[in-house]
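These notes concern the structure reproduced below.
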Amino acid sequence: MSETTSERDGREVYDPHAVQARWLPVWDRLDLNRAGIRDGAEKKYVLDMFPYPSGDLHMGHAEAFGIGDVVARYWMRRGYDVLHPMGWDSFGLPAENAAIKRGEHPATWTYANIDVQADSFRRYGISFDWSTRLHTSDPGYYRWTQWLFLRFMERGLAYRKKSAVNWCPNDQTVLANEQVVGGKCERCGAEVTKRELTQWYFRITEYADRLLDDMKDLEGSWPERVLLMQKNWIGRSTGAHVDFAVGDRKVTVFTTRPDTLYGATFFVVAADAPLAEELCAPEQRAAFEKYRDEVRKLSDIDRQATDRPKTGVSLGVVAINPLNGEELPVFAADYVLADYGTGAIMAVPAHDQRDLDFARAFDLPVRVVVETGGEDPAVTGVATAGDGVLVNSGPLDGLRKTEAIERTVEILQERGTGEGAINYRLRDWLLSRQRFWGAPIPVVHCPVDGEVAVPDDQLPVRLPSDMKGADLQPKGQSPLASNDAWVNTACPKCGGPAKRDTDTMDTFVDSSWYFLRYCSPSYDKGPFDEDAVRQWMPVAQYVGGVEHAILHLLYSRFFTKVLHDMGMVDFTEPFSALLNQGQVINQGKAMSKSLGNGVDLGSQLASYGVDAIRISIVFAGPPEDDIDWADVSPSGSVKWLARVARVAADVGALPAADARDDAVDRAVARAVDDVTRLTESHRLNVSIARLMELTNALRKGIDGGAPASASLRDGVTALATMLSCYAPYTAEEIWSRLGHDVEGGDSVHASRWPTADPALLVEDTVTCVVQVSGKVRDRLEVSPSIGEDSLRELALGSDAVVRALNGAAVRTVIVRAPKLVNVVPV
RNA sequence: GGGGCCGUAGCCCAAUGGCAGAGGCGCACGGUUUAGGUCCGUGACAGUGUGAGUUCGACUCUCACCGGCCCCA
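For the first sequence, our numbering begins at 1 and goes up steadily by one.
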């Protein structure tokens, strides 16, 4: 009796755990997933978004990496030299919080979790090239993160400025715009407030146009919704800058509707913008400050809620409309945001809903300047934003919207009071964090020389190893600030006493270039070996969750473009194709502790085995769709894999012979042809269905009369190789049952993808459907090569058709040889 | 409010504009069996959310509505 089966009632039973125990050590020894060892083979880089080391793997990892593994293994089987690397995004807040709780250094928790995950990935049978393993928290990695920061600084792409920033009161750190979701901290869910702070930024806005325009290269190979989300995030809008005079000051606003300038009846400044304070008349100061303090308590989400009544306060000054010299009262209000555009707007209540709401609340005039055919906004309370003909607008009267916009810009330019302009929703990337567990910003602040970059040969600026537990407690500034020994240093320029920058970088900086490091993970002359990168990059297939649609993917694209401009890489987009897998949910909802609907991966694997879980995930539906675990039946997968094992065992036991069976050969060829196409196009659920069909066909071949062993052996061989991408253990098991010496290196994971004989894909006869008026009336068995004319004759001669026509004359006959004829009576 | 995606048997899902069903779960039945379990096999169940339109022909394309999800406000 084989060690992988047990006898029960005289029948073999498939034991997934025994199969795993048998092959895992053999694979460890054979080390089959190394990249760069197939001479002359075309290269393909398959990348999974690297994980954060939070505890052990969960269902989400099982899905994402399971899908990525199918893709990687498929290309390996197809003979490509595949790079399928692995590492950890190991800086970040949870490690720090755990360290505070446990009185440890964050590295302790981090690296312990990484080891647990690494072993789980290994047992989960993912085809990683483990020699690529990297951790962004290793000094050997963050040295180069710091190095890249300094290059950005040299190019003016990293800079420091003071402004109102997003502040998470819970995590005690600033956040990038991208990390504020619906007014809340993306990580902890706390309501984000604003703080005035001096922080480091990456000048991503300088790349806004290229990030937008280069998306055309990604169309078709990235999910459309991701491209759309990035497009919306960058938010390019064209319009004009218009200069208003307020007292002796010039205040510029951005508007997408310069054509409505004559409709401006008041002027609004964001209450929390420094500009509001500067413009405020002395007699209004008390009222303004009271209002501003109220506004500062509000979150952005409250401020932008559309159903909220509009509030504001007069600043006691007027702004002069540059076009008609009209005096517009200036208000401070909270519905204008300080960091969008210039923080000030011209308000055109007739044609902008928010302005109209404000005008009605404050009893301000509403002047229609575009006749859209809609009802009077002053009466209906509904602003008319559409196209129309300009009225009440002096020289613009009679023009349509587009012409009026052009003309207004011309007039403004002639007078020197404005110009055409493009505005972006995208803000510069705020990268400083007041936290410990991240790459220190490699800058020294010197009383003499100011901001001084740490010289390359002094990198990395290492994190101190002696800080733990309470030392890391958030205090509103980086924990590093309290470590005098670390902070105090010599200025690299003058040698005098100086202090290190105590902030660390956003962990998204670490993950914006890791895919490059994978090409040469231990390279020590730069962040990556440019030759290695030239060989592997760009990534042929990237696999990961849609939650990174904006953050990580936009940042990585930005980094790649900067590196391209630095001459370090010869491409401008890092990821040629992107696959967003769905989420694993349970009972219609995301798994969560509070709902108590979590599904533990470990216990699923213990109950059903690795392969059954992998199959269940892939078979549940299209990879992009969410999987509701309540709809999944892992025991069904076990049943199928056991059936596969039995089929293979039965075929392996057949006496060697040359007998062939045409039906089996055709079924195998069809399966190979379909599964190849389906796997390649990521239709993985349908691939599994075809493999199940093939299993059924092989079963039939075994049970029906005299089994044709040659055909069946070929079928099981093809099945094993195709299955190796999906269920690596079971595939190896049946491969071995066919007599392959796996221990000696003849593993299914070194086998080549089967090819289908085209002759076997052509059927002898096909069923031709004959319709009358679109209704099926007859079926004809015809040759696949039948001509249109003879098929028409055949169909018209059919008794069933004659009966259906019932003497009616024929108007047309649609012939789609060889599968369909549609007879249309008059 | 704007933009996008999705509604197919009891359930999950298939179907280059051409026979609504590939595969699985569940169910029923038959065979195997000491067994209602395993295994082998057979079968039933929907006319594609609703209503129009285009077409010889619509699950597929267009429009509206209903329901669900996502992004931006």
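Where is the CB? At the ideal position from N, CA and C, for every residue including glycine.
The stretch 369-389 makes contact with the stretch 400-409; the number of CB pairs closer than 8 Å reaches 3 or more. In the DSSP assignment, G68 falls within the alpha helix (DSSP H) that extends over M59 to R77. Contact annotation, V268 with A333: C-beta distance approximately 5 Å; criterion of less than 8 Å satisfied.
Of Q473, Y726, A642 and A41, the smallest CA-CA separation from T676 is found for Y726. Three or more beta-carbon pairs drawn from the stretch 41-58 and the stretch 90-97 are found closer than 8 Å, and the two stretches are therefore classed as touching. Counting only the Cα atoms, Q230 lies some 39 Å from P395. In the DSSP secondary-structure assignment, M505 is bridged to S432. Annotation: L578 to A549 spans about 10 Å, alpha carbon to alpha carbon. Annotated three-state conformation of N392 is coil, per DSSP.
Each residue's CA atom was taken as its position, placing L459 and W437 some 17 Å apart. Of D115, F149, N232 and K43, the smallest CA-CA separation from A439 is found for F149. For D778, same chain residues with a beta-carbon under 7 Å away, outside a window of 5 residues either side, are V770, S798, A800 and V801 in chain order. Scanning W109, F128 and Y74 for the CA closest to the CA of H84 turns up F128. Contact fails between the stretch 187-197 and the stretch 484-501, because fewer than three Cβ pairs, one in each stretch, are under 8 Å apart. As the crow flies, the alpha-carbon of Q535 is around 27 Å from that of R29.
Inter-residue distance for I320 and L328 is about 6 Å (C-alpha atoms, whole angstroms). Of the other Cβ atoms in all chains shown, 16 or more fall within 10 Å of the Cβ of I702; this residue is therefore buried. Between F152 and F121 a beta carbon distance of about 33 Å is seen, past the 8 Å cut, so the two are scored as non-contacting. Pairing V454 with T145, the inter-Cα distance amounts to about 13 Å. For L197, the uninterrupted beta strand (DSSP E) run begins and ends at T193 to F202, by DSSP. Close CB contacts of A264 within its chain, under the 8 Å cut and outside five residues either way in sequence, are with N321, E326, L328, M346, A347 and V348 (chain order). N177 and V647 have their alpha carbons spaced roughly 56 Å apart.
Residue environment: I615 is assigned as buried (16 or more neighbouring CB atoms within 10 Å of its CB, all protein chains considered).
Membership of H552 in the alpha helix (DSSP H) is indicated by the continuous run L551 to D565.
Remark: three or more beta-carbon pairs, one from each stretch, lie closer than 8 Å, so the stretch 426-435 and the stretch 198-217 are flagged as touching.
Collapsing the DSSP output to three states places E419 in a strand. The beta-carbon distance between E624 and M568, rounded to whole angstroms, is 33 Å. This is too long to meet the 8 Å contact definition. Linking L57 to L605 through their CA atoms gives a straight-line distance of about 11 Å.
Looking at the DSSP output, I345 bridges to V268. The criterion of a C-beta distance shorter than 8 Å is not satisfied by Q581 and V539.
Collapsing the DSSP output to three states places V165 in a strand. With 16 or more other Cβ atoms from the protein chains shown falling within 10 Å of its own Cβ, N586 counts as buried. A Cβ-Cβ contact shorter than 8 Å links V584 with M59. About 56 Å separates the beta carbons of L780 and R557, which is beyond the 8 Å limit, so they are not a contact pair. As the crow flies, the alpha-carbon of Y340 is around 20 Å from that of D259. The C-alpha of H135 is placed about 39 Å away from the C-alpha of V672.
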